[in-house]
Amino acid sequence: MFITDDEIAKQQHSLDLWGMYRGIASSTPYLMQSIHMALEKILLGVFEKAESKDIQFWLTYLLRNSRSSSISSVVASVVLAYPEKTFDVAAILFKTKEFIQDDLSRYHQEAQSKMMYSMGTGLGVKNKIFSDERIKTCDDKHRGMALEHLFLNYQFFRSEDVSEEEADRRQGVLWGILDAYYEELPDESEQSEYDKVWRMFLARMDRRKMNPTTEEKDDKVIVTFNPELEPNLKEYSETALQGVEERSKYLALQLWANQKWEKDERYRTYEKYENDPLRALREVEEIIAQLSSEDADGTFQLFNVSLPTLVCSVLLRDNINELDEEKRDFCKTVVLEAASLCFQEGYHYQIGDGIKQAFSVFPIILKEFPDERETIKSAILIALLTGRDEFAIDSIHNGLWSSSWDDANSLLLGYLWMKPIYDSLRGDIQEENYKKGKYGVHEFEVIKAFLASNENDVLKVIENKLPASLTIDFDALRRRTLTTALQALPVEINDPSHKELVQKLVAAFVSRQLSREASNHNDYQHKHEFLERYVWTVLKSKEEDVQYFLQPFIDAFSHSELFSDLIYEFVVAEDRAEACDNFWTAWGLFRSKVLEVASTQSWRADKMIKCFLFAQVTWKDTTKDWHSLKETNKPFIENIVSPLGHHPATLYSISKLLNDIGSPFLDSGVGWVSRMIASNEGLASSELEINTIYYLESICRKYVYKKREQIKRSMKMKSELLVILNFLVAKGSVAGYMLRESIL
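Start counting the sequence shown at 1; every next residue gets the next number (our numbering).
1) Between residue 687 and the rest of its own chain, which residues show a CB-CB distance below 8 Å, the 5 nearest in sequence each way excluded?
2) Leaving out the 5 sequence neighbours to the left and right, which residues in its chain are closer than 7 Å to residue 40 when beta-carbon positions are compared?
3) Grab the span of the alpha helix (DSSP H) containing residue 626 for me, first residue to last.
4) Distance check for residue 574 and residue 580, CA to CA, integer angstroms please.
5) Count the CB pairs spanning the stretch 628–644 and the stretch 594–609 that are closer than 8 Å, and state whether there are at least three.
6) For the stretch 446–454 against the stretch 400–408, are there 3 or more C-beta pairs whose distance is under 8 Å?
7) May I have a chain-ordered list of the alpha helix (DSSP H) segments no shorter than 4 residues that lie completely inside the stretch 131–218?
8) Might you give, ordered along the chain, the residues of its own chain that have their beta carbon closer than 6 Å to the beta carbon of residue 322, omitting 5 neighbours on each side?
9) Just the Cα atoms here: how many angstroms apart are residue 513 and residue 506?
10) Using the Cα positions of residue 531 and residue 145, report the straight-line distance between them to the nearest angstrom.
11) Identify every residue that forms a DSSP beta bridge with residue 8.
12) Among 162, 488, 484, which residue has its Cα nearest to the Cα of residue 399?
13) What does the alpha-carbon distance come out to for the pair residue 478 and residue 587?
14) At which residues does the alpha helix (DSSP H) containing residue 20 begin and terminate?
15) Out of 17, 598, 414, which one is the CA nearest neighbour of residue 473?
16) Counting C-beta neighbours from all protein chains within 10 Å, is the total for residue 179 16 or more, i.e. buried, or is it exposed?
17) Between which residues of its own chain and residue 672 is the CB-CB distance below 7 Å, once the five residues before and five after are set aside?
18) For the alpha helix (DSSP H) that residue 525 lies in, which residues bound it at each end?
19) Leaving out the 5 sequence neighbours to the left and right, which residues in its chain are closer than 7 Å to residue 388 when beta-carbon positions are compared?
20) Rounded to the nearest angstrom, what separates residue 361 and residue 27 at their Cα positions?
21) By a C-beta neighbour count over all protein chains shown, 10 Å radius and 16 as the cutoff for buried, is residue 569 buried or exposed?
22) Where does residue 564 land, buried or exposed, given buried means 16+ other C-beta within 10 angstroms?
23) Would you tell me roughly how many angstroms separate the C-alpha atoms of residue 528 and residue 566, rounded to the nearest one?
24) Go through the stretch 683–734 residue by residue and report every complete run of the alpha helix (DSSP H) that reaches 4 residues or more, in order.
25) Answer with buried or exposed for residue 627, where buried requires no fewer than 16 other C-beta atoms within 10 angstroms of its C-beta.
26) Indicate the three-state DSSP secondary structure (helix, strand or coil) for residue 592 in the structure shown.
27) Are there 16 or more other CB atoms within 10 angstroms of the CB of residue 123, so buried, or fewer, so exposed?
28) Rounded to whole angstroms, what's the CA-CA distance from residue 65 to residue 186? Just pull it up for me.
29) Going by C-alpha to C-alpha distance, which of 92, 69, 57 sits closest to residue 6?
30) Taking its Cβ as the centre, do 16 or more other Cβ atoms sit within 10 Å of residue 10, making it buried, or is it exposed?
31) Does DSSP classify residue 123 as helix, strand or coil?
32) Residues in the same chain with beta-carbon distance under 7 Å from residue 32, minus the five sequence neighbours each way, listed in chain order, please.
33) Give the secondary structure of residue 68 by DSSP, where H, G and I count as helix, E and B as strand, and everything else as coil.
34) Examine the Cβ distances between the stretch 43–54 and the stretch 77–88 and report whether three or more of them are shorter than 8 Å.
Dropping the structure here:
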């Protein structure tokens, strides 16, 4: 990289490094992505009103001293945001063609960024804050530009702050850079594909080779840049475009099917399929014919291999009444063939391969084609046994419980019965392979052996003929199995046998989890998945069943982190479920247990108290109330403060609560905090939780602002507030001192 004509800086560069600050580099660590995102955010904010010379000094400093192009890409982002202030830095970047090329790739990936950042936004309040921040960055104006576009813009446009002389100077610098690139090109006869593509870049950036046209539309002037290409380059471009058009021939069908499957209303814009779903089916037939053709190239396979499954799944789910018997049968065959792929040797799951959609419409196929019962139920059972839980659970939850309860229940019980048998067989095969010098085991190998040795039992599951005396050793089940079984159950548990099953699953999970924690073999992901589904079940149950479902946890309740995590998951789930009655019933059951743990002085009591008083969840800064925290719940909070008031975590939690979702309780809350401090002298010498002083200052400031006149007239209000302010002053708080002086 040329900092000046005489100064060269060397940097490690790759597309992943260049895209790190946007989080689009899958191979880079999340920590490094976050650091680069933070750097960009700080620079964009600091430089918004800074002078051009200051901005360019610091950006050049970063380019000169960095050994990674990940920093240069952040510099490029600042240049794109403030182009008129940063031309000289832009010129440095323009002299490295890899930066121009890879920034165009970054620009194209920006179209996917919002969708990527939106993935997982339903995973709780805490994650939502981060994802919302990332989604917001996608709307920044400069995301819609790349270095290539900026190069051309400098030649055509200038702001009022840029003089004609400066514009001419800039144009000369840019043309010099282009001419240097032209001189580096080999003779046309020796040019590679890479050289031809680079020539296309140069043609698009060179004003001297442009034939721009303008048109007026909606009171705006639209400028179209038409680069003049040499004949051989134009032929190369047209050939490449034909290939792109051929590969994207079914792009509209892909978008329609994807958006309709996800119930994204944009699917309605594809009227040719929406008004004529059979057209989509005709194109599926074309795709299948081309995929099976010997002339089908790898690119066509890559783009379209899963499209028939997706379209047929959509048609079966949403347009089945518009399909005659023959077309329904065609769609059914496509879906079943696709689903069978996940059990074949060499299969590896890939997002968007159509298998998930295929399994999701199994209940519809079962209803329309009862003769396929054995095929469908076998596929679901094997998916459960082989750890492809998400496929099977999609099938069971997308209508199987409502349309065929007996089939769903037989699959669930059959899974619990056979999973230990399957796992044991898998272990035996793996051991045999090891003796033969073969490491590992392929799932296809285990499936064949399992079906061969358990054919009659599998048939019992398929025919719903499991013996009434069927016994399941829950203590022998792995945590993954317990979680899958819980996830497969209906969301709302009404059947008595299912209620009993939930309690057994929970009791086994608690026992197994506590034993793993005792041996320092904790696994957050498995624990989170189980608790997430479990608390949702409790919140969606009948109020009279809450204690029954919670009893296994209540009986085993201790200072273990498992129970703090349980309480945390309840708060996160309640934020979406809005099941206030069940939530506060659970909180009443937890109360005595939390008090018991807090009295043990365990270091884990801190987290449990913060979870129980809603302080562990990171609420939005703008969140000042909560649908599940109402005036009627105030006595519950007040009554918990007194027995827990000696604990610094309680002071932290209540002060934080009064700053966010408990803001409506501020008037009463000042009294709670005052009594807590006055009744527990040990707090003055205790090490407080981080931010406790900040939250106390904040609530005092709000209280004084809101109640200044009443405080002057009421001795009770003033004395309560002074207890808190004196505490803050003793802790060295300047804000506390100033507030105290203002009311004395």
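Where a beta carbon is used, it is the ideal one built from N, C-alpha and C, also for glycine.
Treat the numbers as computed from the prediction; the structure is a model and nothing was measured.
The short version:
1) Once the five neighbours on either side are set aside, the close Cβ partners of residue 687 are 648.
2) 21, 74, 77, listed in sequence order.
3) Run containing residue 626: none; DSSP gives neither H nor E here.
4) Residue 580 and residue 574: Cα-Cα distance of roughly 8 Å.
5) Yes, since at least three Cβ pairs between the stretch 628–644 and the stretch 594–609 fall closer than 8 Å, the two stretches touch.
6) The stretch 446–454 is not in contact with the stretch 400–408.
7) Counting only runs of 4+ residues, the alpha helix (DSSP H) found wholly inside the stretch 131–218 occupies 147–156, 164–184, 193–205, in chain order.
8) Correct list, in chain order: 277.
9) When rounded, the separation of the alpha-carbon atoms in residue 513 and residue 506 is 10 Å.
10) Spanning the two alpha carbons is a distance of roughly 44 Å.
11) Per DSSP, 2.
12) Closest option to residue 399, judged by alpha-carbon separation, among 162, 488, 484: 488.
13) Residue 478 and residue 587: Cα-Cα distance of roughly 29 Å.
14) Per DSSP, residue 20 belongs to no alpha helix (DSSP H) and is neither H nor E.
15) Ranked by Cα distance from residue 473, the first of 17, 598, 414 is 414.
16) Around the beta-carbon of residue 179, fewer than 16 other beta-carbon atoms lie within 10 Å, marking it exposed.
17) Within the same chain, 638, 641, 654 come within 7 Å of residue 672 by CB-CB distance, once the 5 residues on both sides are set aside.
18) Boundaries of the alpha helix (DSSP H) harbouring residue 525: 524–539, taken from the DSSP string.
19) The beta carbon of residue 388 sits closer than 7 Å to the beta carbons of 342 from its chain, once the five residues preceding and following it are set aside; these are given in chain order.
20) Between the alpha carbons of residue 361 and residue 27 lies a gap of roughly 34 Å.
21) Residue environment analysis places residue 569 among the buried positions, since at least 16 neighbouring C-beta atoms fall within 10 angstroms of its C-beta.
22) Only buried fits residue 564, as 16 or more other CB atoms lie within 10 angstroms of its CB.
23) Distance between the alpha carbons of residue 528 and residue 566: 9 Å.
24) List check, alpha helix (DSSP H) in window: 692–713, 715–730.
25) Label assigned to residue 627: exposed.
26) The three-state reading of DSSP puts residue 592 in helix, counting H, G and I together.
27) Bear in mind that the predicted position of residue 123 carries a pLDDT of just 41, short of 50, making it unreliable; the figure below should be weighed with that in mind. That one is exposed.
28) Those two C-alpha atoms are separated by around 32 Å.
29) Closest option to residue 6, Cα to Cα, is 92.
30) The Cβ neighbour count for residue 10, taken over all protein chains shown within 10 Å, is under 16; the residue is labelled exposed.
31) Low confidence applies here, because residue 123 scores a pLDDT of 41, under 50, leaving its location unreliable; read the following figure in that light. Of the three classes helix, strand and coil, the one that applies to residue 123 here is coil, per DSSP.
32) Counting only Cβ-Cβ distances below 7 Å, and skipping sequence neighbours, we find 20.
33) Three-state result, residue 68: strand.
34) Touching, per the Cβ criterion.
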